[in-house]
Amino acid sequence: MNPLNQPIVSTTPEAGQLPNQVLDLKSFLALLHEEENYWAPEQNDTSLSITRLRKIFYDQWGWNSQLIRGASSIPSRYNTVMQDSPANYGRAVPRYVQLIYAPAYRVVTYTDHDRVYGNTRTGQVPLIYQSDHQAVRLPNGEMCDIGHVLAGLDALNHPQVVSPLPNFLSFLDKIFPHVDSNADVVTWLGDIASSSADFLFDYLRNKNTPISESDEQVVIDTDAPGSDMMGDIDPYVIAHHYDISTHTGQLVTDILHQYYTGDQDYYRHRFSTFSKIIGLKGWDGQNFSNEEAWIKAYHHNLRNSICFVAFSQNEKSIRGLLIPLQVWLNGYQDVLKMDMLMRIFIQSLKQSIIQE
2 MNPLNQPIVS TTPEAGQLPN QVLDLKSFLA LLHEEENYWA PEQNDTSLSI TRLRKIFYDQ
62 WGWNSQLIRG ASSIPSRYNT VMQDSPANYG RAVPRYVQLI YAPAYRVVTY TDHDRVYGNT
122 RTGQVPLIYQ SDHQAVRLPN GEMCDIGHVL AGLDALNHPQ VVSPLPNFLS FLDKIFPHVD
182 SNADVVTWLG DIASSSADFL FDYLRNKNTP ISESDEQVVI DTDAPGSDMM GDIDPYVIAH
242 HYDISTHTGQ LVTDILHQYY TGDQDYYRHR FSTFSKIIGL KGWDGQNFSN EEAWIKAYHH
302 NLRNSICFVA FSQNEKSIRG LLIPLQVWLN GYQDVLKMDM LMRIFIQSLK QSIIQE
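So for the sequence shown, the working numbering puts the first residue at 2; every next one is plus one.
The following block contains the structure:
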């Protein structure tokens, strides 16, 4: 058994988030409900509300042009800018310049024309975005990144192939790097790809020397922590049990409250439900019957996700373009460890299903 582990459940805050900064689910949903009501009388448009709430946390160029194009025209309440400093509650977005880690920081602030506060809070950061509040503590003590949940739900409502090509050239997707499901990219597959891409950046930065297994585990815990992975799994389960695409339905906060605190059968069996949705079959109480075939089938999707991560995080230079190109051409296979990452993900799913 591989000593590395992909966490999908965690009871501790993410790295950099202090315990006293973590909101419980009730407190976070109260803030999220205020955001729903901001858009009254459209707060019962479930699909539209999911987009508006997602854009509090993820609303920059790549999300609108590449990941969830179908929601690109829907306006957000807040301004989102990228800056070089972590000031003003900036959230780190990985970036490399000449292979040196130099993150950009996503900052979200009130506009000068807010429907509630007018221009009295211009440039201030809303409480819901401060201190990584999107990673919340659930009633059972588990941590879950609700921002990831909202991103997954929005992608599931606006399914598309992820490709660098514009929509009118989508018929050419198959001959370019592409990923079949944007929901996978913005959730679990994208987080696994981030770990793999960082294996590669560390390898290149260390003069083509692989990092140790202990350092690989640090990368996994940082890029794909349990709270993120929980937030990656839950949108598939929520979309399976609730009508998230309706324009005359439940409040998003009511759906989240019911899922996390109501009928616990949905939440209790989330891992087995999720596994079925992503195509893992033939569970016999210990293993899936199609594990190796599933890993093989997902290989190009993970490889191409890594291409996109490596491109988005790297400098826009010839070298910056060569790295994702080499990945697409099946380079660095020993460094990327794609099959290993998928296997430890499956192993964590199996262990969690056994405990359901």
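C-beta: ideal position from N, C-alpha, C; glycine also.
Practice item. Assuming Lys187 contacts Gly153 (C-beta within less than 8 Å), just tell me the rounded distance between them. Key: Note that residue 187 is Val in the sequence shown, not Lys. Their Cβ separation, rounded to whole angstroms, is 6 Å, which keeps Val187 and Gly153 in contact under 8 Å.
Exercise for review: Determine the direct distance from the alpha carbon of Ala105 to that of Val94, and round the result to whole angstroms.
Suggested key: 5 Å
Exercise for review: Would you check if the segment 60 to 72 and the segment 183 to 199 touch, i.e. whether three or more CB-CB distances between them fall below 8 Å?
Suggested key: yes
Practice item. Pick helix, strand or coil for Ile176, following the three-state DSSP scheme. Key: helix
Check your understanding: Looking at the structure shown, is Thr210 part of a helix, part of a strand, or coil, going by DSSP?
Key -> coil
Review point. If Arg122 sits next to Tyr39, beta carbons under 8 Å apart, how far is it from one beta carbon to the other, in whole angstroms?
Key: Contact flag wrong, Cβ pair sits at about 13 Å.
Exercise for review: Report back the beta-carbon spacing between Val220 and Ser246 to the nearest angstrom; my notes put them in contact at under 8 Å.
Suggested key: That belief does not hold up - the Cβ atoms of Val220 and Ser246 are roughly 36 Å apart, past 8 Å.
Practice item. Assign Ile101 to one of two classes, buried (16 or more other C-beta atoms within 10 Å of its C-beta) or exposed (fewer than that). Key: exposed
Exercise for review: Following the continuous alpha helix (DSSP H) through Ala298, name the residue where it begins and the one where it ends.
Suggested key: 292 to 314
Exercise for review: Confirm the yes/no value for this check: CB of Asp133, any heavy atom of the ligand GTP, distance under 7 Å.
Suggested key: As far as ligands go, the structure on display features none, and thus does not contain the ligand GTP.
Practice item. Output the distance between the C-alpha atoms of Gln7 and Asp192, rounded to the nearest integer angstrom. Key: 11 Å
Exercise for review: Identify the continuous beta strand (DSSP E) that holds Thr52 and give its terminal residues.
Suggested key: Not the beta strand (DSSP E): Thr52 falls in the alpha helix (DSSP H), residues 47 to 58.
Check your understanding: In whole angstroms, what separates the C-alpha of Phe346 from that of Ile9?
Key -> 8 Å
**Study point:** Contacts around Pro165, its chain only, beta-carbon distance under 6 Å, and the 5 residues preceding and following it disregarded
**Key:** none
Exercise for review: Compare the Cα-Cα distances from Phe177 to each of Leu26, Gly17, Phe309, Tyr333 and report the closest residue.
Suggested key: Phe309
Exercise for review: Measuring alpha carbon to alpha carbon, tell me which of Val253, Pro4, Gly263, Phe275 ends up nearest Asp233.
Suggested key: Phe275
Review point. CB Val238 to CB Arg269, shorter than 8 Å?
Key: no
Exercise for review: Report all residues from its chain with a CB closer than 8 Å to the CB of Leu1; omit the five preceding and five following residues, and keep chain order.
Suggested key: No statement about residue 1 is possible, as the shown extent of the chain runs from 2 to 357 and does not include it.
**Study point:** Candidates Gln22, Asn302, Glu15, Leu26, of which the one nearest Tyr260 by Cα
**Key:** Leu26
Review point. I think Met83 touches Arg107, with their Cβ atoms under 8 Å apart; what is that distance to the nearest whole Å?
Key: 6 Å
Point to revise | Exposed unless 16 or more other CB atoms sit within 10 angstroms - verdict on Pro76 | key: exposed
Check your understanding: Which one or two residues does DSSP pair with Arg92 in a beta bridge?
Key -> Arg107
**Study point:** Rounded distance between the beta-carbons of Val336 and Ala311, thought under 8 Å
**Key:** That belief does not hold up - the Cβ atoms of Ala311 and Val336 are roughly 12 Å apart, past 8 Å.
Review point. Which residues bound the beta strand (DSSP E) around Asp244?
Key: Note, Asp244: premise wrong, no beta strand (DSSP E); not H, not E.
Practice item. Using a threshold of 8 Å, state whether the C-beta atoms of Ala198 and Ile307 are closer than that. Key: yes
Practice item. Could you spell out the range, first to last residue, of the alpha helix (DSSP H) harbouring Asp266? Key: 265 to 269
Exercise for review: Check whether the Cβ atoms of Leu1 and Val180 lie closer than 8 Å to each other.
Suggested key: In the structure displayed, the chain extends from 2 to 357; residue 1 sits before or after that span and is not available.
Review point. Residues in its own chain within less than 8 Å of Leu281 by CB, not counting five upstream and five downstream?
Key: Phe289, Asn291, Glu292, Trp295, Ile347, Leu350
Check your understanding: When burial is assigned at 16 or more other CB atoms within 10 Å of the CB, is Asn209 buried or exposed?
Key -> exposed
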